[in-house]
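Protein chains in written order, with my numbering: chain A, -10 to 412; chain B, 34 to 283.
We put the beta carbon where it would ideally sit given N, CA and C, even for glycine.
Nothing here was measured: the structure is a model prediction, and the numbers come from that model.
What follows is a set of notes on a single structure, which appears directly below.
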Ligand SMILES: Nc1ncnc2c1ncn2[C@@H]1O[C@H](COP(=O)(O)OP(=O)(O)OP(=O)(O)O)[C@@H](O)[C@H]1O
Ligand SMILES: [Mg+2]
């Protein structure tokens, strides 16, 4: 066994150029694979972060029935005593912050232009404990609870031509039902412009103080949702706290439901799923490329060493020993190639984790396209994990060994007499 | 009891549906310790005969016995075992493993046999390399050795596992006549020293002169089988270097 390994190991240095080419195709292929996977994981992580930090928080509580209709932003399914519910939830271990909010359909009117948008009424004192809008102000200032002012997303402000200090009309749709369509309008000053990095928020949302919205919408002290932030992003913990809140709310009695960010980020997760399928395709292609290289190299090796195989058979080497010899040889190329690929891919991934990959250099249209798909600004950060490196290493090695099986079988099958006659 | 026995052996090659009898009704027996040459013109069936005796191939008809065991009954793994334990090969083109040193090439059959520790193997390989006069070159690879040196390594490799039989197919054909004679001297000394049976093929008159028994093949048949007084004797300086071969004349 040891001898076969030794022999196989030395054999890989026999035809240096060919070995190097195979070795490079394996390692470059795997390095690209690692970069792709790490970038995708990083983008997912960034996207999830952006969704949680700007839109969903970890958990949201709605009136029963609201969730199913949430895209219509219904105003008749509200939580009427949010303060009591908030107090109840705050005591649950793991909960870091709680905020009652009102979401409402709105239009932003500037002269003759009106742009539809989502109005988010927040409690300026609590909101920064759950969301990152305050941190992402790019101009102006954060709201005060009594302000008759609003914050506008950067893209939205750009599209309609607003800057800090301008006054704008906010048309608030109080009842989105077709039969009972009614609205109210507020004159508000733009107090700040934010750029959260989440395109949905930056190009479609405005923020106003909660009290102002409740008054204008004629729903004093009611909210449409209660957002809950936990002290950890961990999925299991989120699920555990969700259960505890459900218990605390005594299902049915309060008429409230609890949803996780995953429930709320439905579309994004569908896209993420699609990306996983696409990366499976990429992996498949890498697999084919790497294994073709190895099959080719090993077939050449068998051909060139035909007489030697005959000689080894004459010395009494058995078929499966000859087979092992070639499988080990392919395996060695695979192991070294995979190791190098992991180091290269890991380093490149690490660079992209620290410095990011900017879409700025790729032109406006690509930027717009990616913004339509990912809730991420135009710099993608990779996420390197040891799991991915180990998986890719094992994958590369396994492929190399599998790819060597056929050439090795060819070698083992040779008739010693014919092999020895081979010139 | 004969070491090798062929009974009415035929070997028919079939190419494109045309049958060609390379060996036709060969019967012979070889006793342990013989130094035998199979001679004959090109295409007479020498290689075919050696391959059959060497368990590399099976006859189309007849039977071959090695130590009274019918090798026609063995499967490929059993034949590999026979080769591994009982038979050494020397090839016309040396056929050393280019990535192994002389030492490692000679060690290979012992590793395949698998019944020896590392130290024991080392001692044996070094001893045999002294016998063939290549102790100094044992860490060289074949590419840095002359043809004669390579063939001596091949002889050492064939002999090291102390086989019952060494088969050499035109062992001198790729060597100049002087080097060829050195290799033959070496083979003869090894035959005398250890009593191992040699069967070698050749179509060279000079080489035939070394044989104690000469079998002449012609068109796949035995044309002559004669015991003979060897015309040439092993010369003591032979192939050996400073260590010299340790030969006791018998
Ligand atoms: N695999 C094969 N298929 C078909 N014919 C073969 C095969 N091997 C050998 N032969 C034929 O059988 C005959 C005997 O071949 P063999 O190699 O035994 O001769 P040889 O005496 O060793 O000749 P040489 O001195 O050229 O080595 C030759 O005519 C050869 O063409
Ligand atoms: Mg021949």
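Straight-line spacing of the CA atoms in residue 171 of chain B and residue 135 of chain B works out to 5 Å. Looking at the backbone, the Cα of residue -5 of chain A and that of residue 306 of chain A are separated by about 15 Å. Think of a sphere of 7 Å around the beta carbon of residue 152 of chain B: no beta carbon from chain A falls inside it, the nearest being about 15 Å out. Per DSSP, reduced to three states, the secondary structure at residue 248 of chain A is strand.
Contact between the segment 317 to 335 of chain A and the segment 6 to 14 of chain A is present, with at least three C-beta pairs closer than 8 Å. Cβ-Cβ distances below 8 Å link residue 161 of chain B to 139, 189, 192, 193 in the same chain, with the five nearest sequence neighbours on each side left out; the list follows chain order. Listed in chain order, the non-local C-beta contacts of residue 400 of chain A below 6 Å within the same chain comprise 291, 298, 311, 315, local neighbours out to five positions each way being set aside. Distances from the CB of residue 42 of chain B to the heavy atoms of ligand 1 are all 8 Å or more. Proximity of residue -6 of chain A to chain B, defined by a Cβ-Cβ separation below 9 Å, is not satisfied.
Here the distance from the Cβ of residue 234 of chain B to the nearest heavy atom of ligand 2 is below 8 Å. At least one heavy atom of ligand 2 is found less than 8 Å from the C-beta of residue 203 of chain B. Sequence-ordered contacts of the segment 279 to 290 of chain A with chain B are nonexistent [C-beta pairs closer than 8 Å].
DSSP places residue 67 of chain A in the coil class of the three-state scheme, outside both helix and strand. Here the alpha carbons of residue 156 of chain B and residue 185 of chain B stand approximately 18 Å from one another. Closer than 8 Å to some heavy atom of ligand 1: that does not describe the Cβ of residue 122 of chain B.
In the three-state reduction of the DSSP assignment, residue 99 of chain B falls in the strand class, which pools E and B. The CB of residue 144 of chain B comes closer than 8 Å to the CB of -8 in chain A, given here in chain order.
At least 9 Å separates the beta-carbon of residue 123 of chain B from that of residue 72 of chain B. In this structure, DSSP gives residue 41 of chain B an extended state, which the three-state scheme calls strand. For the segment 299 to 313 of chain A, the beta-carbon criterion of a distance under 9 Å to any beta-carbon of chain B is satisfied by 299, 300, 301, 302, 303, 304, 305, 306, 307, 308, 309, 310. The beta carbon of residue 207 of chain B does not come within 9 Å of any beta carbon belonging to chain A, so the residue lies off that interface. If you look at residue 230 of chain B, you'll find it in the beta strand (DSSP E) that goes 230 to 235. Residue contact check for residue 409 of chain A against chain B: a CB pair falls below 9 Å.
Taking the beta carbon of residue 132 of chain B as reference, the chain A residues within 8 Å of it are -4, -1, 0, 2, 3, listed in sequence order. Against chain A, the CB of residue 185 of chain B has no partner CB under 9 Å away; the residue lies outside that interface. For a cut-off of 8 Å, the C-beta gap from residue 44 of chain A to residue 190 of chain A is around 6 Å, short enough to register as a contact. Chain-order list of chain B residues neighbouring residue 296 of chain A: 128, by C-beta distance under 7 Å. By the criterion of at least three beta-carbon pairs nearer than 8 Å, the segment 232 to 239 of chain A is not in contact with the segment 98 to 112 of chain A.
The residue among A:197, A:404, A:383 with its C-alpha nearest the C-alpha of residue 110 of chain B is A:404.
Annotation: the continuous beta strand (DSSP E) that includes residue 68 of chain B extends over 68 to 72.
The segment 124 to 132 of chain B and the segment 196 to 216 of chain B touch, with no fewer than 3 CB-CB distances between them shorter than 8 Å. The segment 146 to 165 of chain A and the segment 216 to 225 of chain A do not touch, with fewer than 3 CB-CB distances between them shorter than 8 Å. Residue 55 of chain A carries a coil assignment under DSSP once its states are collapsed to helix, strand and coil. For residue 79 of chain B, the shortest separation between its Cβ and any heavy atom of ligand 1 lies below 8 Å. For residue 195 of chain B, the closest of B:113, B:95, B:97, B:120 by C-alpha to C-alpha distance is B:120.
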